[in-house]
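This report concerns only the one structure given below.
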Amino acid sequence: MAKITMLLAQGPGQPAGDLKQGIEIRACLNKNGHVDVAAYEADPLPWRARRFWPNQEDWIGHLIMVDEGEWGLLSEKGDNEPVWDLAGRVFRPGEYVTLRRPDHAEFVFRIVNVEND
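So for the sequence shown, the numbering used here puts the first residue at 7; every next one is plus one.
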């Protein structure tokens, strides 16, 4: 299991991003930096995600598979919550991923660290 840390590179009203805003995701990755689908399907426990923003309570959720090879983040508040689409297949430092809110606003994050347990 790896802890993937990414920081906001660009978002609505923040064209230069903010290094104090980010997301951490726990996931099993294969050697190419892709989420390991077989490990995800075999694990009965949710793979946690945490969004940290200054002056806001952390958002807690988990990574879910939307379609084969497509991922999203779902709030721990329940299945009735909207899914945030996570566009980006490679999770390695220096790569970028886009998180799309249900209202289609997009946030681009730069992966800054991948730490294996």
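C-beta: ideal position from N, C-alpha, C; glycine also. Since the model is a prediction, treat every value here as computed from it, not as a measurement.
Residue ranges of each alpha helix (DSSP H) run of no fewer than 4 residues wholly in the region 47-101, ordered along the chain?
-> Whole alpha helix (DSSP H) segments, 4+ residues: zero.
Would you decide whether isoleucine 66 is buried or exposed? Buried here means 16 or more other CB atoms lie within 10 Å of its CB.
-> Residue 66 sits at position 60 when you count from the first residue of the sequence shown. Exposed.
Taking leucine 25 as part of the beta strand (DSSP E), name the residues at either end of that continuous run.
-> Walking along the sequence shown from the start, residue 25 turns up at place 19. For leucine 25, the enclosing beta strand (DSSP E) has its first and last residue at 24-33.
Give the straight-line distance between the Cα atoms of lysine 26 and glutamate 74, rounded to the nearest whole angstrom.
-> Position 20 of the sequence shown, counted from the first residue, corresponds to residue 26. Position 68 of the sequence shown, counted from the first residue, corresponds to residue 74. Cα to Cα, the separation comes out at about 32 Å.
Start-to-end residues for the beta strand (DSSP E) that takes in glutamine 20 | Position 14 of the sequence shown, counting from 1, holds the residue named residue 20. That residue, glutamine 20, is in no beta strand (DSSP E); it is neither H nor E in DSSP.
Can you have a look at valine 72 and say buried or exposed, based on whether 16 or more other CB atoms are within 10 angstroms of its CB?
-> What you label residue 72 is simply residue 66 of the sequence shown in a count that begins at 1. Valine 72 should be labelled exposed.
Three-state secondary structure (DSSP) of alanine 15 | Counting from 1 along the sequence shown, the entry for residue 15 is found at position 9. Here alanine 15 sits in strand by DSSP.
Would you kindly report the start and end of the unbroken beta strand (DSSP E) that includes arginine 125?
-> There is no way to answer for residue 125, as the model of the chain reaches only from 7 to 123.
Cβ distance (whole Å) where phenylalanine 115 is taken to contact methionine 7 below 8 Å | For the purposes of this step, residue 115 is taken as residue 109 along the sequence shown, with counting starting at 1. For the purposes of this step, residue 7 is taken as residue 1 along the sequence shown, with counting starting at 1. Contact annotation, phenylalanine 115 with methionine 7: C-beta distance approximately 20 Å; criterion of less than 8 Å not satisfied.
CB-CB under 8 Å to aspartate 49, same chain, minus the five flanking residues each way: which ones, in chain order?
-> The residue labelled residue 49 in the question sits at position 43 within the sequence shown. Counting only Cβ-Cβ distances below 8 Å, and skipping sequence neighbours, we find Cys34.
Valine 120 beta carbon less than 8 Å from that of phenylalanine 97 = Locating residue 97 in the sequence shown gives position 91, counting from the first residue. Locating residue 120 in the sequence shown gives position 114, counting from the first residue. In this structure, phenylalanine 97 lies near valine 120, with their beta-carbon atoms less than 8 Å apart.
Determine the closest residue to tryptophan 59 out of Ala44, Pro21 and Gly28, with distance taken between C-alpha atoms.
-> In the sequence shown, counting from the first residue as 1, residue 59 sits at position 53. Among Ala44, Pro21 and Gly28, the Cα nearest to that of tryptophan 59 belongs to Gly28.
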